Amino acid sequence: MNYESCLKEKKIKITRGRVVILNIIYNSLQPITADFIYETSVDQGNNIDLSTVYRSLELFASKDIVDKFDLGDGKYNYKIKEYKHKHKIECSCCHKKVEIDCPMIPIEELIKNKTGFVLLEHELNMKAVCQDCLKKISENNEK
């Protein structure tokens, strides 16, 4: 990942600390805490204040660079925001397709809070009837 171009694209000033923070998050296999990011940066020989980590994470979350997950008790985990994938809903009658944003994000957070598990992937199958077909079905039933 090219952190400088990511920051530039989001109109965020490029600093060594922000690049270090993004690198740590990007190279993590799972969501991580601000404390973990701070400790890792210190272990790597970087001189970054914990307050800088928190401010940067809030900025990154507000600019859609990272996802912020509430763990309760005012604690959060962070991970690089992945491009949101979409799901398709297809009408069972006319086969019209509509694309929607993935509705799993709140469910992923709920699962994490309840079980401690972090979802790595999921499949979602939805069956539906569009409004036009539903109207036709309703009209046919009235006759």
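Numbering (our numbering) for the sequence shown: 832 to 974. Where is the CB? At the ideal position from N, CA and C, for every residue including glycine. Just so you know, these numbers come straight off a predicted model, no measurement behind them.
Proximity winner among the options, relative to residue i (alpha-carbon distances)
| i | options | result |
| --- | --- | --- |
| asparagine 908 | Tyr869, Thr846, Asn833 and Lys966 | Tyr869 |
| asparagine 956 | Cys924, Glu840 and His918 | His918 |
| alanine 865 | Phe891, Leu941, Ile845 and Ile942 | Phe891 |
| threonine 903 | Glu889, Gly848 and Glu940 | The sequence given here places glycine at residue 903; threonine does not occur at that position. Of Glu889, Gly848 and Glu940, the residue nearest in Cα terms is Glu940. |
| leucine 950 | Ser969, Lys967, Lys927 and Lys910 | Lys910 |
| glutamate 921 | Cys964, Glu970 and Gln875 | Cys964 |
| histidine 953 | Ile942, Ile968, Cys925 and Glu930 | Ile942 |
| lysine 894 | Ile843, Leu881, Cys924 and Asn854 | Ile843 |
| isoleucine 936 | Phe900, Cys961 and Glu840 | Phe900 |
| valine 929 | Pro862, Tyr885 and Ala959 | Ala959 |
| aspartate 874 | Thr883, Gly905 and Ile855 | Ile855 |
| tyrosine 834 | Ile863, Ile879, Cys925 and Ile896 | Ile896 |
| serine 978 | Gln962, Tyr885 and Tyr857 | The structure shown does not extend to residue 978, since the chain is modelled only from 832 to 974, so the question has no answer here. |
Classification of residue i by the beta-carbon crowding that lies within 10 angstroms, buried from 16 upward
| i | result |
| --- | --- |
| serine 872 | buried |
| proline 934 | exposed |
| serine 887 | buried |
| isoleucine 968 | exposed |
| cysteine 852 | Correcting the residue type first, residue 852 is isoleucine in the shown sequence and not cysteine. Label assigned to isoleucine 852: buried. |
Which of helix, strand or coil DSSP assigns to residue i
| i | result |
| --- | --- |
| aspartate 866 | helix |
| glycine 848 | helix |
| glutamate 952 | coil |
| glutamate 913 | coil |
C-alpha distance - residue i paired with residue j, whole-angstrom precision
| i | j | result |
| --- | --- | --- |
| lysine 912 | aspartate 898 | 5 Å |
| threonine 946 | isoleucine 938 | 12 Å |
| asparagine 877 | glycine 848 | 8 Å |
| leucine 838 | asparagine 944 | 30 Å |
| glutamate 970 | aspartate 932 | 31 Å |
| leucine 881 | glutamate 840 | 25 Å |
| phenylalanine 948 | serine 859 | 16 Å |
| phenylalanine 867 | lysine 906 | 12 Å |
| isoleucine 879 | valine 850 | 11 Å |
| lysine 927 | threonine 883 | 49 Å |
Bridge partner(s) assigned by DSSP for residue i
| i | result |
| --- | --- |
| glutamate 921 | Lys928 and Lys958 |
| phenylalanine 900 | Asn908 |
Proximity test, residue i beta-carbon vs the ligand MN heavy atom, cut-off 7 Å
| i | result |
| --- | --- |
| isoleucine 843 | The ligand MN is not part of the structure shown, which contains no ligands of any sort. |
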